[in-house]
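Numbering (this note's numbering), first residue to last: 141 to 281. Comments concern the structure below.
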């Protein structure tokens, strides 16, 4: 009897759990690339939802293999540019992605090198490319 009750509790826990980070069987978002150089000289975020814009991403070898034909009509892509940095060790990343009934909210996180850390003494241009597995409007914080 105890085993049956324990089994039912486990089944209920698994069946009742949910997450805001998935859309159907896919995760809500995927970071396609994070690079320390190659981004823009100024800080900006760009939301790509038009097919022609998304097709431009396919020109990048590391990203192209991560974009399917169905993504052109079912996904939104976001480019996060940190802007010019005076040394290495900087990164821009996704801190959180939340889906609400009417939009997707992305919270961006800047990662900076620790004080006194050994870093490359060169200008860097960190950026990330994120795929959102939804066509809802995107808001970036």
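Cβ atoms here follow ideal geometry from the backbone N, Cα and C, with glycine treated the same way.
Look at the alpha carbon of residue 265 and the alpha carbon of residue 250, and state the distance between them as a whole number of angstroms. 13 Å
Under a Cβ-count criterion, where at least 16 other Cβ atoms within 10 Å of its own Cβ denotes burial, should residue 260 be classed as buried or exposed? exposed
Taking contact to mean 3 or more Cβ pairs, one atom from each stretch, closer than 8 Å, check whether the stretch 214 to 228 and the stretch 187 to 201 are in contact. yes
Count the CB pairs spanning the stretch 175 to 186 and the stretch 261 to 281 that are closer than 8 Å, and state whether there are at least three. yes
Among the residues of its own chain, which have a CB less than 6 Å from the CB of residue 281, if the five just before and after it don't count? 247
DSSP state of residue 170, grouped into three classes? strand
When you compare the CB positions of residue 234 and residue 185, do they come within less than 9 Å of one another, or not? no
Determine the burial state of residue 201: buried for a count of at least 16 other Cβ atoms within 10 Å of its Cβ, exposed for fewer. exposed
DSSP beta-bridge partners of residue 233: 249
Expressed to the nearest angstrom, what Euclidean distance is found between the alpha-carbon atoms of residue 237 and residue 256? 32 Å
Residue 258, buried or exposed, once every other Cβ within 10 Å from all chains shown has been counted against 16: exposed
Span separating the alpha-carbon of residue 277 from that of residue 254: 35 Å
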